[in-house]
Each structure stands twice: as structure tokens, then as C-alpha cells.
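All remarks here apply to the structure that follows.
Number of protein chains: 2
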Amino acid sequence: MISNKMVGFVQNNSAIRAMFEEGKRLASIYGKENVYDFSLGNPNVPAPDAVADAIRDILANEDSLMVHGYMSNVGYEDVRTTIAESLNKRFGTSFTMKNLIMTVGAASGLNVIFKTLLNPGDEVIAFSPYFVEYNAYVTNYDGILKEVPCKAPEFVPDPKQLEAAITKKTRAVIINNPNNPTGVVYPVSVIEEIAKVLEAKQKELGTDIYLISDEPYRELVYADAVVPYLPKYYRNTIVGYSFSKSLSLPGERIGYLVIPSEISDFEQIYSAAAIATRILGYVNAPSLMQRVVAKVIEEKTDVAYYDRNRKTLYEMLTGLGFDCVKPEGAFYLWMKTPMEDEKEFCDMAKEYHIILVPGSSFKCSGYVRIAYCVSHETILRSEEAWKQLAEKTLKK
Amino acid sequence: MISNKMVGFVQNNSAIRAMFEEGKRLASIYGKENVYDFSLGNPNVPAPDAVADAIRDILANEDSLMVHGYMSNVGYEDVRTTIAESLNKRFGTSFTMKNLIMTVGAASGLNVIFKTLLNPGDEVIAFSPYFVEYNAYVTNYDGILKEVPCKAPEFVPDPKQLEAAITKKTRAVIINNPNNPTGVVYPVSVIEEIAKVLEAKQKELGTDIYLISDEPYRELVYADAVVPYLPKYYRNTIVGYSFSKSLSLPGERIGYLVIPSEISDFEQIYSAAAIATRILGYVNAPSLMQRVVAKVIEEKTDVAYYDRNRKTLYEMLTGLGFDCVKPEGAFYLWMKTPMEDEKEFCDMAKEYHIILVPGSSFKCSGYVRIAYCVSHETILRSEEAWKQLAEKTLKK
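Chains as they are written, first to last, in numbering that gives the first Met the number 0: chain A, 0 to 395; chain B, 0 to 395.
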């Protein structure tokens, strides 16, 4: 028998991954080109050439024992310094390597922080719809995830509702900006209001409430959208970053935490997070990839590629009469389903070989997430299938 | 404030890592060549050339989107198949990819298994001295680690004592063979007796007791020592492996779990372990390194290098009058300290720039662990320091 906690997780296994496996199954039957798999945030833009160049350069010029060896659990000092300096240049901050912990992707960074902060029963607030793995990351440490719903059709957090949800037990608030699954970018004005609420609540309750900025999609923004850097707006902010999307390296599991010196109990939290990195079995972020991301820190993925997909898909779907939230960031399009039960819609879409993720997987039913990090050709080829789906489901 | 659990971990932070940091500090003062750092299991033999060749080959010939992208959480199918076939060839087993889960090193594999198996209060037995991180890995999931001490000077498990320690709550027993920190290889006869005890206890108690074989040091054995492959001796065995030592890739965090089809509740445990891999934030083992280890699966590190170190150090220390357990595997030498308080001995050793790890870090005081995975020159150069330490501490 498996543990009781895992029984729950097995029963509610990630619908995203289930749809991904379903897409692979359909592709094996009908051919890859006849399946329109919009399920997974797996970038279709290859890593910049600079990544392979950096790997070859490191293999040729750096000591193998160092490149593949153990370092401090928080990561190589030179790598952390490079990243800190890059952040300082971009955001006018003054981080040093002592504010950085290299992590096994953003997912490990969040686990490290929750392991560090949460006692059983502590509350973490997330704005729904949200990346549903947050639930697991919080309950891993016996915390309780509380949802504060964003209102349609803007899907930005409501500071008033946040205020009402905060209790003495609130240890952290997660912000995921640009947002997965909606593609919305929360503007500065909303962030400023959230910061005001948190400051006031900290004072009122005599607690520290940490704002966890989960930003794997920071570099993926379109048109004029600007993603505020949260440590500049709220003192108790911790940032989780990943190179999965910015450099198309999701399988490599490489990211970092920024723990600013200004946060309450900084020394204690940084030390504990370093130890949590070790005892949770990550030990350290993959060594070669640490060295690679430092070498290509100024490289970015081909945002124009995703932008073209975004426009094509948005125009196609709205043209067919679907009701979509216009995405400003990430590579997801959030679409209202014609029927209330979006799972039914997903099942019908599957008949046309369109693979979607139901909104309930993000705690928001009546919507679906469409990951447009696919090839442009897939979007173009999917038009006929979408047309048939529209005819079948949209009221004339 | 950090979580209560982490307060304990911060207070008892790994002495191994502390000594490693101390070694780095001394090296920065006295020069690297004047510090004899035997603290960390960080291989001094570079990865085989085949590793860099494989990386270059993959970059040149495989699709970047596949190499750096997401795959199933359990790892690439072709990689798992290659490893399964290699194990079958070596051990006469009949594993397929469906028995393999690629992991972020052995540490993540153990965390995945304990997350999968343990309910709060469940017991896991380890034979002391043992790698002290086991404690963290078990308490991460509110399990309780119970020690069954090995007797000096052989330091092999005593099946009778194991039998006495098993209760209705015993979910797992960890065996680490070759052993860290003692360098002892547990022989087949002991494994057979342990298997007998476990089978009988399972029947008596009506429970399943899983044997967790933690074998990062499997390939590092000397002279005629043979390391039994545990699934062949006990049905409910799960194997955790790492390429950290076998290919000198400790920083890359790459390993795997073998979950044989024959174990009780196989389907459920495999599915849950796959999900645990995801929700613990590993998501998947680093992708490029998965592909690399499959390509070089028949490569091994230079065991002769460690063997020379082993002989030189063992002869040097016994020649000086120290009482050592002759190592047969791994790259650790386990030495009795002349005084009862081995921490005092470590402090004295530090005065001669010799960095050791106290046995209490492995739950066995009166001994120290000497990691001889250093350069041969370091061992030779350390002789004078050892001589002075012997003069100061050994009774004439």
C-alpha cells in the first residue's frame, strides 16, 4: 500500500500530464501531424544556439572535476554572482551571490521555500486560476492552500478579496506573473495595491507574510506589457525563477531563488533554504547547466515566434466566435467554453484531435487552457478542426 | 521565522558539509596544496572522456527540443530501456523500462520512495553507521528512522538485531552496500540472512517490508569483493542508483530507481512514485544527462585510481599505528580514533590541516570517516601531518 497522502494524489493526478499522455497516444494512432496537442507548456522554440556553444566551450575549457562535481548546495559562487549582477542591471536591485540559491527548476525552488517557511496548518494564498501543482507543493509540508478567485473576464487579482482572505495563519501569497493558465500580465497598479494590503495586514496581525513571485514566464511578454519586479514593491518578496521557458530548457531543471537581504529573518531563511535544498534530495542544481545559464545570461528565447502563434490563434478562435482572454504573456490562451462543463468540451475537442486542458485543473471551470508553444504549422493545420468544433458547440 | 522542523535541521546541520566549508576556508588561508581535505565524497577522478564525447554527439545529432524538453516524469523511454537491458545483462534480471524511474541523483530517488511509502509514524530501519541524510529523508515524510548498530570491527549488519527491531510499523529497511562511511562490503551470506528475517517477519506480521538498496557505490569495489544484487535475494526490494561516483558526475544529479514488477503493490507504487517525482518538484531527471548516461552505460570510472589511494592511505595509517577498518568498497576509510571523543580528534587533526568527518555524523562515535577520493598527491603530501597527529594522539 502506498501512503495515504499519495492515494489522494494518485486519484487526482494532474490532468495536464494526463492530457499530454493522451496526446501521445492519439499521435501514435493518427500520426503526429494529425493531432493538435495544446496540452503542455513544452516550448517548441529550440534553445538558442548559444546554449550548445556554451556547453561545448565549457567542456573544452573548464575542469571536468569542477564542471560535474559537487559545489556548495546553493550553487557555484561565480554563477550566482553573474545572475545577481544581471538582475541588478535589469531591475536596479543590489543583490549579491548571497541572495541567490540555484534550484532544480522553479518547482524545486517553491518546494524549498515552503519547506523552509511552513508549519502544519499554515496558510498560503494563491489567486485562481493557478498552476495546480501549487496545491501539492504546499500540502507537501502540511500547509493549506487558500484560493482567492480572479474575476472574469480580466482575471487579475482583487486586493479587497485578498485582504479578506488573510488570517493570522497566512505565511505566504503566491503571484504567478505572467500568469499560467490565463496569459494575463498583472499590471503595476494591482501589484502596488496588493503590496499595500500585505503591509497593512502584517502590521495589524504582527506577522510576516512572504510574497512568493513565481516567474518562469517573465521573459515571455508581448506588445507593451510590462512585468513588475516584485521585490521593488514589497519588502518581504522571494522570487522563484526558471530557465525552462526563457531558454527552452524545461527538461534540464535549472532555475534559482532570489532571497533579498531586506526580508524579515533573512539570514535564518537563507540558511534554512540552503539546507532544505540538500535534505529534500535536490542536493544542488545540475552543475553543467548552472555554468551554461551563467554564460548565456543575456540570451532570450525567440519571443517573436510565440507572438506570431498568439496572434494567429487568438484571431482564429475569436473569428470562429469563441470567447477568449487576449494573452499578454506566457504562451497560454484562456478560452471560455460554450458549455458550462468544460470537461465535456475537452472531450468533444478530442474527437477532432484537439488536446486541451480543462479549467478545473486550474480551479476555474468553464474555461480551457490552450498552450500555443507549438509549431506555427500545428496552429494553421488545426483550423479545420477548430471550425468543426465551433460548429458543433457554439450557438448560432 | 522558519518552520519548526527546519529549526532542528539548521541546528544539526550536516557536519560533512560543515567540514567541506571549513576545508575551503583553510585552503583560502594556507593554500589548497597545504590542506588535506578528506571530508566530502566528491570524486577526484574526472568523468570518462566518453561523457564529453557523448554530450558533443548528442548536441550534434539529436533534436534540441527533445534533448532539453519535457518527457514523461519517469524519464525517456529509450533511456530507461537501455538501462533495464544493461541491468538484465549484468544480473540476469528481466526488467523493462516500466521498472525504471530516472531520478535527480540517488537522494531524490530515496525521497520519492519514502514519499510514496510512508505514513506518519511509520518506521524505517538503517544499519549504523549510516549516511546521516537518511534521517532527513525519512522525517521529511514524518517517518521514524530506527538504528540497528553494526558491531565493530567488522561493521556488518546483525540479522538477529534486525529481527528484534522490526515492528508492525516497519515499512522499509535501507541497505547501503558498499557502505558509506565504513567502506565495508556486506557479503552474500549476510544478505541472505537479512532476506530470511524479512520474509519471516512479513509473514508473522502480515505486512510488506520493503528493502531499499541504496547503491551509489556499487561500481567501486576492490580486490575480490562482490556486491550482491538485492532483488535476486529478496522479492520486495527497490533499488536506488546514482551515476555520481560511477561516472564522476555528482553535481549533475542523475540516477534511477528500479521498482521490480515482483514487489507487492507494484502498479500502485510505480504510479505513485512517478507522481511523487513530479510533486516533490523534481519533475524529471535532468534531460541531457539522462541521454548521456544511456550512451555511456558501459563506461566506468577509474577504479584502479581509488584502489591505489586506498592501499596507500591504509598502509600509511596502519603503519603509523592507527586502527583502521580495511575498506573493500566505496572510497571511504573508517578509522578508530585514539580518544573516545572523535570530535576532539577531528579538531586536533584540523590543526594539522587534515579535514575529517566525525563518526557521530554517521551515528557511530569513536570513529572518523576519511574520504580518499582525493588526488594521490594529497595523500602522499599528508603523510607528515598524519605523523604529527599520530605522535600527538597515539599512546606509545
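Note that CB positions come from ideal geometry on N, CA and C, so glycine has one too.
Among the options, the one whose alpha carbon lies nearest that of residue i
{"i": "B/A194", "options": "B/R170, B/P230 and B/R217", "result": "B/P230"}
{"i": "A/I253", "options": "A/E261, A/S241, A/D306 and A/Y35", "result": "A/S241"}
{"i": "A/S286", "options": "A/E76, A/D48 and A/V6", "result": "A/E76"}
{"i": "B/G91", "options": "B/A59, B/V137, B/Y232 and B/N60", "result": "B/Y232"}
{"i": "A/T392", "options": "A/Y371, A/F361 and A/Y351", "result": "A/Y351"}
{"i": "A/K362", "options": "A/P186, A/K150, A/C372 and A/K294", "result": "A/K150"}
{"i": "B/I353", "options": "B/G7, B/Y29, B/N176 and B/I211", "result": "B/Y29"}
{"i": "B/L161", "options": "B/P45, B/A222, B/I208 and B/Y133", "result": "B/I208"}
{"i": "A/E146", "options": "A/Y140, A/A163 and A/N139", "result": "A/A163"}
{"i": "A/D62", "options": "B/A59, B/G40, B/P47 and B/N283", "result": "B/P47"}
{"i": "A/P42", "options": "A/D301, A/A384, A/M347 and A/Y313", "result": "A/D301"}
{"i": "A/V6", "options": "B/I369, B/A224, B/A275 and B/S212", "result": "B/A275"}
{"i": "A/P215", "options": "A/S247, A/G142 and A/P148", "result": "A/S247"}
{"i": "A/G250", "options": "A/A14, A/E21 and A/L39", "result": "A/L39"}
{"i": "B/A348", "options": "B/R16, B/Y35 and B/I15", "result": "B/Y35"}
{"i": "B/L204", "options": "B/A222, B/S212, B/L219 and B/T166", "result": "B/T166"}
{"i": "A/Y255", "options": "A/A293, A/V220 and A/L64", "result": "A/A293"}
Residue i to residue j span [Cα, whole Å]
{"i": "A/H67", "j": "B/F130", "result": "22 angstroms"}
{"i": "A/K168", "j": "A/G74", "result": "32 angstroms"}
{"i": "A/V226", "j": "A/G104", "result": "20 angstroms"}
{"i": "A/R290", "j": "A/V78", "result": "6 angstroms"}
{"i": "B/L388", "j": "A/G239", "result": "47 angstroms"}
{"i": "A/L101", "j": "B/G318", "result": "What sits at residue 101 of chain A in the sequence shown is Met, not Leu. Cα to Cα, A/M101 sits roughly 44 angstroms from B/G318."}
{"i": "A/V172", "j": "A/Q10", "result": "27 angstroms"}
{"i": "A/K202", "j": "A/N235", "result": "13 angstroms"}
{"i": "B/V189", "j": "B/I124", "result": "16 angstroms"}
{"i": "A/L379", "j": "A/M315", "result": "9 angstroms"}
{"i": "A/S245", "j": "A/V44", "result": "10 angstroms"}
{"i": "B/A273", "j": "A/A17", "result": "13 angstroms"}
{"i": "A/E191", "j": "A/Y228", "result": "11 angstroms"}
{"i": "B/V257", "j": "B/I237", "result": "6 angstroms"}
{"i": "B/P158", "j": "B/A384", "result": "40 angstroms"}
{"i": "B/E382", "j": "B/E21", "result": "20 angstroms"}
{"i": "B/S397", "j": "A/I15", "result": "For chain B, the structure presents residues 0 to 395; residue 397 of chain B sits outside this window and is missing."}
{"i": "B/P326", "j": "B/P186", "result": "13 angstroms"}
{"i": "A/S260", "j": "A/K88", "result": "17 angstroms"}
{"i": "B/R170", "j": "B/M288", "result": "32 angstroms"}
{"i": "A/K31", "j": "B/I57", "result": "23 angstroms"}
Where residue i sits in the DSSP three-state scheme
{"i": "A/E382", "result": "helix"}
{"i": "A/G108", "result": "helix"}
{"i": "B/P186", "result": "coil"}
{"i": "B/K200", "result": "helix"}
{"i": "A/G250", "result": "helix"}
{"i": "A/R234", "result": "coil"}
{"i": "A/Y281", "result": "coil"}
{"i": "B/R171", "result": "The sequence shown places Ala at residue 171 of chain B, rather than the Arg named in the question. Correct three-state label for B/A171: strand."}
{"i": "A/R368", "result": "strand"}
{"i": "B/F344", "result": "helix"}
{"i": "A/S359", "result": "helix"}
{"i": "B/Y255", "result": "strand"}
{"i": "A/A51", "result": "helix"}
{"i": "A/M96", "result": "helix"}
8 angstroms CB neighbourhood of residue i in its chain, flanking five on each side removed
{"i": "A/H403", "result": "Since the displayed chain A opens at 0 and closes at 395, residue 403 of chain A lies outside it and no answer follows."}
{"i": "B/G154", "result": "The displayed chain sequence assigns Phe, not Gly, to residue 154 of chain B. Correct list, in chain order: P128, N178, T181, V183, V324 and W333."}
{"i": "B/I296", "result": "T81, I82 and S85"}
Sequence-distant residues of the same chain with beta carbon closer than 6 angstroms to residue i, five excluded per side
{"i": "A/S398", "result": "The structure shown has nothing for residue 398 of chain A, since chain A only spans 0 to 395."}
{"i": "A/D322", "result": "K335"}
{"i": "B/Y136", "result": "L109, N110 and F113"}
{"i": "A/E298", "result": "P47 and A49"}
{"i": "B/V373", "result": "N43"}
Sequence-distant residues of its chain with Cβ nearer than 7 angstroms to residue i (five each side left out)
{"i": "A/V367", "result": "M334, T336, E341, F344, C345, L355, V356, P357 and G358"}
{"i": "A/A83", "result": "F94, T95, M96, N98 and L99"}
{"i": "A/P152", "result": "V324"}
{"i": "B/N33", "result": "H352"}
{"i": "B/K386", "result": "L319"}
Exercise. Does the pairing of the region 0–17 of chain B with the region 41–51 of chain A give three or more beta-carbon distances under 8 angstroms?
Worked result: no
Exercise. Taking contact to mean at least 3 C-beta pairs separated by less than 8 angstroms, is the region 266–275 of chain B in contact with the region 110–129 of chain B?
Worked result: yes
Exercise. Would you call the region 91–99 of chain A and the region 191–207 of chain A touching, i.e. three or more CB-CB distances under 8 angstroms?
Worked result: no
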